[in-house]
Every structure is written in C-alpha cells, then in structure tokens.
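Below is one structure; the comments refer to it alone.
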Amino acid sequence: MSVTESPRSRATAMPWPGLVALAAAVFLSITIELLPTGLLPEMGAGLAVPAALIGLTVSVFAFTVVLTSTTLVAATSRMPRRGLLVAVLVVLGVSTALSALATEYWMLIAARVLGGLAHGVFWSIVAATASRLVPERLIGRAVAVVLGGGTLAMILGVPASTILGQALGWRAAFAIVGGLTLLGALAVRLALPRAEAGAAPTAARYRPGDPGFASVLLLCVVTAVTMLGQYAVTTYVAPLVTDLIGLPAGAVGPLLFLSGVAGAVGLVAAGSPLARNATAAMLTALGVAAVALAVLGLAITPVVSVAAFAVWGLAFGAIPPLLQTRLLRTAPPTHRDAASALYTTAFNTGIGGGALVGSIVFGAFGVAALPWGYAAVLVVAAVLVAVGARSGRRGSPIGDATPPAQPAGTSTPTRPSTT
Numbered sequence: 001m002s003v004t005e006s007p008r009s010r011a012t013a014m015p016w017p018g019l020v021a022l023a024a025a026v027f028l029s030i031t032i033e034l035l036p037t038g039l040l041p042e043m044g045a046g047l048a049v050p051a052a053l054i055g056l057t058v059s060v061f062a063f064t065v066v067l068t069s070t071t072l073v074a075a076t077s078r079m080p081r082r083g084l085l086v087a088v089l090v091v092l093g094v095s096t097a098l099s100a101l102a103t104e105y106w107m108l109i110a111a112r113v114l115g116g117l118a119h120g121v122f123w124s125i126v127a128a129t130a131s132r133l134v135p136e137r138l139i140g141r142a143v144a145v146v147l148g149g150g151t152l153a154m155i156l157g158v159p160a161s162t163i164l165g166q167a168l169g170w171r172a173a174f175a176i177v178g179g180l181t182l183l184g185a186l187a188v189r190l191a192l193p194r195a196e197a198g199a200a201p202t203a204a205r206y207r208p209g210d211p212g213f214a215s216v217l218l219l220c221v222v223t224a225v226t227m228l229g230q231y232a233v234t235t236y237v238a239p240l241v242t243d244l245i246g247l248p249a250g251a252v253g254p255l256l257f258l259s260g261v262a263g264a265v266g267l268v269a270a271g272s273p274l275a276r277n278a279t280a281a282m283l284t285a286l287g288v289a290a291v292a293l294a295v296l297g298l299a300i301t302p303v304v305s306v307a308a309f310a311v312w313g314l315a316f317g318a319i320p321p322l323l324q325t326r327l328l329r330t331a332p333p334t335h336r337d338a339a340s341a342l343y344t345t346a347f348n349t350g351i352g353g354g355a356l357v358g359s360i361v362f363g364a365f366g367v368a369a370l371p372w373g374y375a376a377v378l379v380v381a382a383v384l385v386a387v388g389a390r391s392g393r394r395g396s397p398i399g400d401a402t403p404p405a406q407p408a409g410t411s412t413p414t415r416p417s418t419t
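Numbered per full-length UniProt numbering, the sequence shown spans residues 1 to 419.
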C-alpha cells in the first residue's frame, strides 16, 4: 500500500509550476533513454565497437527498468515523492554525464544500467505525483500535461541531441543533457509542494482474479508487441536514413523532428471525435503504420520514403494514447496504479526487446529488413486488438469508447506509473 492522494494538495487547480517541472523531467528522461539512437555511428566510432552494440545500450537501459522498477518502487514506497523524484533525477543526470566519460564499452553499459535504475523509479511515480497536485476532475489534464514532455522529447529532444552530437561530438551531447537533468532535479525540488499526511490507499499489486485483470493483461501484451516492433526500427534509425532512404547523416535529426511533429498530430487525433470508436481507431492506426513501413521498406525513392517515414510517425502517435486510455478505463480506480506498473513493464519490455531483436535482424539481414519485420509485428498487434474487442463487451480491453482529449502528450513515453 502507498500514499496516493492528499485532500489539501488538490486544493489548487492546475498548479502550473509543478506540472511544468514534471513535464521538463519527463522530457529529459525520454531524451536520455533514446539519446544513443541518433548517434550510433559516432558512438561506435568513438568506442571502436559496431553500431549494433551501441544499439544494445537501449536494450540494457530498458531491461534494467523492467527487472528493477517494481522492487525499487516497493523499497521506496514510504519515501516522500518529491524527494524521491529529485534523487532519481540526480542519479539519471549523473549517469548520463558518466556515459560521456566512458572510454570503454563496458563503462558505457555500466552508466546506462545506473541510469535505467533511476529511470524505472521515475516512470513509476511521475504521473501519480502529477495526479496528486490537482482536483479529481483535473487529473487527466494534469497527467496529459506532464506526459506532454515525452512528445516534446521526440519532437525536439532526440533530434536536437542528435544534431548536437553530430556537431560537437556524442560525448558533448551526453554531458549537456546530463547537466540539464541536474537542473531539472532542482526545478522539481523548488516547484513541487511538500508531501502531506493523510491518504487513501490503493492496491499495491494487480493479481489474477482482480476486476479487469485479464483485459489489462491483454492490453499490456498489445503494448509490448507494438513497442518491440517500434524500437527494433527506431533504434537503428541512423542507418535506416543513410543506407535505406539514401540521405546523408545530417538528415537524421530533421527526419526525427518530422516524425515527432507527425506523431503529435496523431496523438491529438487519438483524443478527438475521430477516435470515438476506439477499436476502429486502433485498427486504423496499426494498419496505416504497417502500410507506411512496407512502403518504407520498398525504398522506392527518397521522397516517397520520407513521406512514408512521416506517415509512420503520424499513425504511431495515436497508438500509445489509445492504449493508455483503455488501460485507465479498464482497471478499477483502486488498481490503476498497479495496472500502470504492468503497463510500464510491458512498455519497457517492448523497448528493450525491440532493440535486441533489431540488433539481431540488423546484423543478420541488414537495415532493409527492419521495416518489413515491424509491419508483420503490427499485423500481430491488430489481431490481438480484434480478439480483445470480441472477448467481451463491457470488459473488453480495446472497447469502443471515446478517449478523453489529450494534447500533444507522448508518443514513446505514454507510460502510466505507480507510486
């Protein structure tokens, strides 16, 4: 059990300083997680290892989250959330700076493991922390604002760090982002209120037999499968752009920016009346993404490939918010934190597994095989969505319900979290 809400902390509607500080922390955490993806050639050359091994640092980071976050959150359940957030952000910033100092591959791996430990705890408490800052009726908006830092990371953070790393060197990019994360920890310390006593406990774990468990579990499987395919490709976006699309290395950052903007549009569409039928919206997004990836795999011309790249980003941008909305509506209120923990684990399992599978496919068959593999994975995800829609009416994990409007919130990082 853990403290989940305080009546007095909800007295002020939309406390922007705290929400913006949390959004900035989300922005930095996602940027750090995906920082290697745009700098594979530079990092590989700097450490004298193949680009595929650099891609595995994303897997190491994600699997550290999967294997340790639940245990660490349980161990820190009695700590004030503001202090815990500050602590994990400091560790995340220091680990990123240590990555910049790595002279051997194992040093980079060790730094990424340290960062993954902090990242898992951060994502397990950040959304719940935001929910405690506002009245009940404003929780959805507050969480969307905070998780909006994830979309900004995809639109600005990762592309900017890629451009920065190409201009100044990958070590400079890691050092600068690490320093900014330390500033983010200070901002969280100053902007968030002190924790207050008085709490309504929630379920610490989500177990078989609990209401909605089967539906939430299927949602998590869909999430893991989709993220696996997504990160199998995006981890190797640099060689995808240069070797498959045929553009220079300098185009990686701008293309990531284009994809991020398109993803933000898709996320807004997921919260609009266009997504009133959630099953149809999810199947449409999965189908459009699969077709775009197939076109990308054909490598017809650079112009067509860039257009397919953007459409892929647009379609994928709608998928995580639709999944998150169904998760929150399927789980009982007392089990939403525990359900979010399962979702976080599934999301990071997909990220780590995707980077690992991508490394294998990239090494064995080349970069051209990655889009085709992801298209096939999306077909599997669509089948699971269809099965879930038929499995029950009221308990369906992907039922037909209008998701609440979400502004540009997250595309990689719509990860619910626990306290």
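All residues carry an ideal CB built from backbone N, CA and C; glycine is no exception.
Since the structure is predicted, the reported quantities are computational estimates derived from the model, not experimental observations.
- A direct Cα-to-Cα measurement between ALA251 and VAL387 gives close to 40 angstroms.
- Assignment of ALA368 by DSSP, reduced to helix, strand and coil, places it in the coil class.
- The closest CA to that of LEU327, considering only SER124, PHE213, LEU72, PRO50, is found on PHE213.
- In the structure shown, MET282 falls within a helical segment according to DSSP collapsed to helix, strand and coil.
- Linking GLY260 to LEU168 through their CA atoms gives a straight-line distance of about 23 angstroms.
- By the 16-neighbour rule on beta-carbons within 10 angstroms, PHE365 is exposed.
- Cβ contact annotation for TYR206 (same chain, cutoff 8 angstroms, sequence separation greater than five): PHE213, VAL216, ALA331, HIS335, ALA338, ALA339, ALA341, LEU342, in chain order.
- Under the three-state reduction of DSSP output, VAL90 falls in the helix class.
- LEU258 is positioned such that its CB atom lies no closer than 8 angstroms to that of GLY317.
- Of the candidates ALA262, LEU108, THR235, THR235 places its Cα closest to the Cα of THR162.
- Excluding five sequence positions before and after LEU152, the CB atoms of its chain that fall closer than 7 angstroms to its own CB belong to PHE27, given in chain order.
- In the structure shown, ASP243 falls within a helical segment according to DSSP collapsed to helix, strand and coil.
- VAL73 and ILE125 have their C-alpha atoms some 8 angstroms from each other.
- Contact annotation, VAL121 with THR76: C-beta distance approximately 7 angstroms; criterion of less than 8 angstroms satisfied.
- If you compare the alpha carbons of PRO15, ALA52, THR181 with that of GLU33, the shortest gap goes to THR181.
- Ranked by how close their Cα comes to the Cα of LEU228, the residues GLY363, LEU190, PHE347, GLY165 have PHE347 in first place.
- Under the three-state reduction of DSSP, ARG81 is assigned to helix.
- Taking the C-beta atoms as reference points, ALA292 is found nearer than 8 angstroms to ALA308.
- In the structure shown, LEU192 falls within a coil segment according to DSSP collapsed to helix, strand and coil.
- Note on VAL377: 16 or more other CB atoms within 10 angstroms of its CB, so buried under the neighbour-count rule.
- Per DSSP, the unbroken alpha helix (DSSP H) holding ARG112 starts and ends at 105-131.
- The beta carbon of VAL91 sits closer than 6 angstroms to those of ALA118, all from its chain and outside the five residues before and after it, given in chain order.
- Contact check for VAL146 against ALA130 passes: the beta carbons are separated by less than 8 angstroms.
- Within its own chain, the residues whose Cβ lies closer than 7 angstroms to the Cβ of VAL361, once the five positions on either side in sequence are excluded, are ALA232, ALA369, LEU370, GLY373, listed in chain order.
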